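Trainee: Pasting a structure below so you can have a look.
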Amino acid sequence: MKEQIENFSKEIIPWLLTHGIKILIIITAAWLLNKILSRVIARAVRIAVVPEKDAQPESEKKREDTLIRIFSGVTGIAVLTITFMMVLQEAGLNIGPMLAGAGIIGLALGFGGQYLIRDIITGLFIILENQYRIGDVINIESIGGLVEDISLRKTILRDMNGTVHHIPHGEIKTVSNLSRKYARVNLDIGIAYDANLEHVIKVIDQTGTELAEDEHFKEMILTPPKFLRVDNFADSAIILKILGDTKPLKQWEVTGELRKRIKIAFDREGIEIPFPQHVIHQAKIK
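Below, the structure written as structure tokens:
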């Protein structure tokens, strides 16, 4: 047993002092290289990305963060792969047959990989065309939610129920971005037919102006919500259209507050918000 331990020590210690140290140097150099490349990519993206016209600073930052995350991820995978091969070679393994075998497997899976290639190419155009970024709220077909992550292959959305959706880019046909540059308050509200329309319009505009001047909401609102037009004559109400512009992702909070304030103002001014009513006539049977 003692002899076996001595033989093991004679073999392992020289190996650690030569190949082991080289492997440690390779791993350390790869870690440092990945850190340096990540910083270079971040700085290059911040400099290279040209702000879009009328874009909000928050939107541009989301765009830059998305590009940095994707480029850093691709670079990290490349560095990790090269490092893994160098470590195997330094450990005494012949990586030539492994590379040849990987090429054969890749060729065999080439036809099946066409969907992967389609996903990657589509993802590349989504990123380059800046269709949406991490942090945007989008609708893809019938699925909507917050973009939590984007890779070259897929987009990850989280909807209002907290459900996470993984959507391959090759499956995306139509994307609706709800938070690009600015968002909009788009509110329809019904009033009674016997209401004084001019008075109602004045109350709506005043309520929108007060909301835009509120300390909490004024940073969210770009143009105060106001009366736009009479949108429809419904069965039991005149439908009014109210529009206003907000910063991205703030439209729901502003719209909710506007509904509350309009209801309070209407109650104060005696303006009725009608609801459908049915009149039933009972026939007398003789």
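For the sequence shown, the residue numbers in numbering that gives the first Met the number 0 are 0 to 285. We put the beta carbon where it would ideally sit given N, CA and C, even for glycine. All values derive from a computational prediction rather than experimental measurement.
1. Can you give me the start and stop residues for the alpha helix (DSSP H) that Thr121 sits inside?
2. Which residue wins for smallest C-alpha separation from Ala77, given the options Pro167, Asn33, Gln130 and Lys61?
3. Cα-Cα, which of Pro247, Ile46 and Gly122 is closest to Arg183?
4. Alpha carbon to alpha carbon, how far is Lys259 from Asp213? Give it in angstroms, no decimals.
5. Count the other C-beta atoms from every protein chain shown that fall within 10 angstroms of the C-beta of Gln113, then say buried if there are 16 or more, exposed otherwise.
6. Just the Cα atoms here: how many angstroms apart are Lys180 and Gly243?
7. Below 8 Å on the Cβ atoms is my guess for Ile220 versus Ala233; work out the distance and round it to an integer in Å.
8. What's the C-alpha gap between Gly144 and Leu127?
9. Rank Glu256, Met85, Ala191 and Lys217 by C-alpha distance to the C-alpha of Ile26 and give the top, closest one.
10. Could you check what DSSP says for Phe265 in three-state terms: helix, strand or coil?
11. Which two residues bound the contiguous alpha helix (DSSP H) that contains Thr206?
12. Hey, how far is the Cα of His165 from the Cα of Leu151?
13. Measure the C-alpha to C-alpha separation of Gln205 and Phe274 and round it to an integer number of angstroms.
14. Kindly identify the DSSP beta-bridge partner or partners of Ser175.
15. Spatial neighbours of Asn185 within its chain, please: C-beta separation below 7 Å, excluding the five flanking residues on both sides.
16. Do Ile171 and Thr222 count as a contact pair if the criterion is CB distance below 8 Å?
17. Round the Cβ separation of Arg62 and Asn129 to the nearest angstrom and send it over; I've been treating them as touching at under 8 Å.
18. How far does the alpha helix (DSSP H) with Lys34 in it reach, from first residue to last?
19. Tell me whether Phe274 sits in a helix, a strand or coil according to DSSP, three-state version.
20. Please name the residue in Arg132, Arg45 and Glu197 whose C-alpha comes closest to that of Val146.
21. Nearest to Ile237 by CA position, among Pro224, Lys201 and Asp193, is which residue?
22. For Asn185, list the residues DSSP reports as bridge partners.
23. Can you tell me where the beta strand (DSSP E) with Asp230 in it begins and where it stops?
24. Using alpha carbons as the reference points, say which of Val199, Lys217, Ser235 and Leu239 lies closest to Ile263.
25. Does DSSP put Leu156 in a helix, a strand or coil?
26. Which same chain residues, not among the five before or five after Glu218, have their C-beta less than 7 Å away from its C-beta?
27. How is the beta strand (DSSP E) around Pro167 delimited, first residue to last?
28. May I ask you to report which of helix, strand or coil DSSP gives Leu151?
29. List the whole-angstrom C-beta distance separating Thr82 from Leu36, where the pair is believed to meet the contact cut-off of C-beta under 8 Å.
Mentor: The short version:
1. Element bounds for Thr121: Gln113 to Leu127.
2. Among Pro167, Asn33, Gln130 and Lys61, the Cα nearest to that of Ala77 is on Asn33.
3. Nearest to Arg183 by alpha-carbon distance, out of Pro247, Ile46 and Gly122, is Pro247.
4. If I take the Cα positions, the gap works out to 14 Å.
5. Classification for Gln113: exposed.
6. If you draw a straight line from the Cα of Lys180 to the Cα of Gly243, it is about 14 Å long.
7. Actually they do not touch by this definition, with Cβ atoms about 28 Å apart.
8. Going from the Cα of Gly144 to the Cα of Leu127 covers about 21 Å.
9. Closest option to Ile26, Cα to Cα, is Met85.
10. Helix, per DSSP.
11. Segment Leu196 to Glu212, the alpha helix (DSSP H) holding Thr206.
12. Straight-line spacing of the CA atoms in His165 and Leu151 works out to 13 Å.
13. Taking the straight line joining both Cα atoms gives about 24 Å.
14. Paired residue(s): Asn138.
15. Cβ contact annotation for Asn185 (same chain, cutoff 7 Å, sequence separation greater than five): Leu242, in chain order.
16. Going by beta carbons, Thr222 and Ile171 fall outside the 8 Å limit.
17. Rounded to whole angstroms, the Cβ separation of Arg62 and Asn129 is 6 Å, and the two are in contact under 8 Å.
18. Start and end: Ile20 to Ala47.
19. Coil, per DSSP.
20. Selected option, being the one with the closest Cα: Arg132.
21. Per the Cα distances, Asp193.
22. Asn185 pairs with Leu242.
23. Taken as a continuous stretch (DSSP letters only), the beta strand (DSSP E) holding Asp230 covers Ile220 to Phe232.
24. The option with the nearest alpha carbon to Ile263 is Val199.
25. Judged by DSSP in its simplified three-state form, Leu156 adopts strand.
26. Excluding five sequence positions before and after Glu218, none of the CB atoms of its chain fall closer than 7 Å to its own CB.
27. Annotation for Pro167: the continuous beta strand (DSSP E) segment containing it runs Val163 to Pro167.
28. Reduced to three states, the DSSP call for Leu151 is coil.
29. That pair is no contact at about 13 Å.
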